[in-house]
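Below is one structure, written out as structure tokens; the observations come after it.
Residue numbers (our numbering): 23 to 434.
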């Protein structure tokens, strides 16, 4: 009884293993993580293989976020299985333990060694699960969720491709707080080729002999796609809009201003405060950049917004660290370019900027805003930090996780 009283909540991560599992941790009041169980999803992840780049072993397999989510009523947990393009649903017990309810394919064919099902968003009003894939043409597929958590694949498919960009790579799908729009971020207009050392190449040869960045929204202003959501969960025609900077990777809505969102840019090296109006039109403020003296781009991708909307914590995939920003009204400022020390990997992985990185990916902030958790897959560790009053982060816990493959964090 004494031990259970000290449990502050639960955290979940998928291994993305070839035989995929969800790892369940309890969170202590002091932020400490304790692994409780690993539960099979009944589906396949990509393992060490990174299908987005074709690398045999690299972190952040699908260049995405939100692959594990918990429903708002905490009844269900959903996770993608990127290897076979399926989704699993679990019942969440009062003790946080998981029971597998169902697993179903999304409808997208797996063309080679792995699929790319990645980001999830759930609309409980219509019982619709939106499943985003890295590769199209059907980037967004829909699944029905019944009252018992059973899944059904729906026939609809939606693309983030344009007529002249047939190989776009999407990153994350998020519902607006009123459920009226699905906002989809992108990272590449075409997959990045790899250097001999495995690091991706950001520039591609054009027919006229020139080179063009493969980063989305750089320079073409069409990197954010907003889909109207109908009452039955189906989507209206996508609105391709200026995301405000290169590779608008991660859109995150504020908690107390539902018409405002923060966008994290993998190639523009910062974040911007944006608005979404009743017509689904996005307006972005200036990109507030971090110090990029360590190399370009920083691959600032994952965001966590504090419950009071004052702090934004941004993960730098290329720098192996986390930056903190402060929001004061409509003004965004960098508070700490590096809010915590670097977490080194094993020295085998290089980011877009050529630096050796531990490949930090998904992060998650506790609902009370006191602790931030960060995956460092190339270092095989999940790190928990206590959030300090000045926006810095102090490490309080570490948990061993599988090498390179893990994806997704969610909890309560």
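Using N, Cα and C, we set each Cβ at its ideal position, and we do this for glycine too.
Expected contact under 8 angstroms - CB spacing of residue i and residue j to nearest Å
{"i": "residue 137", "j": "residue 106", "result": "6 angstroms"}
{"i": "residue 210", "j": "residue 240", "result": "With a Cβ gap of about 10 angstroms, residue 210 and residue 240 do not count as contacting."}
{"i": "residue 385", "j": "residue 394", "result": "6 angstroms"}
{"i": "residue 337", "j": "residue 270", "result": "That pair is no contact at about 15 angstroms."}
{"i": "residue 379", "j": "residue 367", "result": "6 angstroms"}
{"i": "residue 358", "j": "residue 414", "result": "6 angstroms"}
{"i": "residue 139", "j": "residue 155", "result": "5 angstroms"}
{"i": "residue 51", "j": "residue 30", "result": "5 angstroms"}
{"i": "residue 125", "j": "residue 64", "result": "4 angstroms"}
{"i": "residue 111", "j": "residue 69", "result": "With 8 angstroms as the limit, residue 111 and residue 69 do not qualify as a contact, their Cβ atoms being about 22 angstroms apart."}
{"i": "residue 331", "j": "residue 278", "result": "5 angstroms"}
{"i": "residue 157", "j": "residue 143", "result": "At roughly 18 angstroms, the Cβ-Cβ gap does not stay under 8 angstroms, so residue 157 and residue 143 are not in contact."}
{"i": "residue 199", "j": "residue 280", "result": "4 angstroms"}
{"i": "residue 78", "j": "residue 84", "result": "The Cβ separation is near 15 angstroms, so there is no contact."}
{"i": "residue 454", "j": "residue 232", "result": "Shown here, the chain extends from 23 to 434; a query on residue 454 therefore has no answer."}
Beta-carbon proximity of residue i to residue j, cut-off 8 angstroms
{"i": "residue 365", "j": "residue 341", "result": "no"}
{"i": "residue 109", "j": "residue 99", "result": "no"}
{"i": "residue 73", "j": "residue 135", "result": "yes"}
{"i": "residue 339", "j": "residue 402", "result": "no"}
{"i": "residue 418", "j": "residue 432", "result": "no"}
{"i": "residue 294", "j": "residue 266", "result": "yes"}
{"i": "residue 196", "j": "residue 273", "result": "yes"}
{"i": "residue 87", "j": "residue 261", "result": "no"}
{"i": "residue 101", "j": "residue 44", "result": "yes"}
{"i": "residue 159", "j": "residue 181", "result": "yes"}
{"i": "residue 257", "j": "residue 291", "result": "no"}
{"i": "residue 285", "j": "residue 296", "result": "yes"}
{"i": "residue 146", "j": "residue 94", "result": "yes"}
{"i": "residue 205", "j": "residue 276", "result": "no"}
{"i": "residue 166", "j": "residue 179", "result": "no"}
{"i": "residue 310", "j": "residue 347", "result": "yes"}
{"i": "residue 247", "j": "residue 202", "result": "no"}
Enclosing beta strand (DSSP E) for residue i [first to last residue]
{"i": "residue 110", "result": "108-114"}
{"i": "residue 57", "result": "55-62"}
{"i": "residue 37", "result": "First-last for residue 37: undefined, no H or E at that position."}
{"i": "residue 421", "result": "415-422"}
{"i": "residue 360", "result": "Here residue 360 belongs to no beta strand (DSSP E), and DSSP marks it neither H nor E."}
{"i": "residue 326", "result": "322-327"}
{"i": "residue 43", "result": "43-50"}
{"i": "residue 340", "result": "Run containing residue 340: none; DSSP gives neither H nor E here."}
{"i": "residue 288", "result": "Note, residue 288: premise wrong, no beta strand (DSSP E); not H, not E."}
{"i": "residue 250", "result": "246-250"}
{"i": "residue 408", "result": "403-409"}
{"i": "residue 394", "result": "393-398"}
{"i": "residue 263", "result": "261-263"}
{"i": "residue 439", "result": "With the chain running from 23 to 434 in the structure shown, residue 439 is simply not present."}
{"i": "residue 429", "result": "429-433"}
{"i": "residue 270", "result": "270-275"}
{"i": "residue 305", "result": "304-306"}
Distance cut-off 7 angstroms: residue i Cβ against heavy atoms of the ligand GDP
{"i": "residue 47", "result": "In the structure on display, the ligand GDP does not appear, and there are no ligands present to speak of."}
Report task. Decide if the segment 299-306 is in contact with the segment 329-348; the criterion is three or more beta carbon pairs, one per stretch, under 8 angstroms apart. Result -> no
Requested in this report: Identify every run of the beta strand (DSSP E) within the segment 195-241, keeping only runs that are complete inside it and at least 3 residues long; order them along the chain.
Outcome: 203-210, 225-227, 233-235
Query raised in the report: Going along the chain, which unbroken runs of the beta strand (DSSP E) with 3 or more residues stay wholly within the segment 71-101?
Result: 90-92
Query raised in the report: Is the segment 32-48 touching the segment 414-425 in the sense that three or more CB pairs, one from each, lie closer than 8 angstroms?
Result: yes
Query raised in the report: Taking contact to mean at least 3 C-beta pairs separated by less than 8 angstroms, is the segment 52-65 in contact with the segment 115-122?
Result: yes
Query raised in the report: Which parts of the segment 100-182 are runs of the beta strand (DSSP E), unbroken and 3 residues or longer, counting only runs that do not cross its ends?
Result: 108-114, 120-127, 139-145, 150-155, 162-167, 173-180
Query raised in the report: Are there three or more Cβ pairs, one per stretch, closer than 8 angstroms when the segment 238-258 is compared with the segment 179-190?
Result: yes
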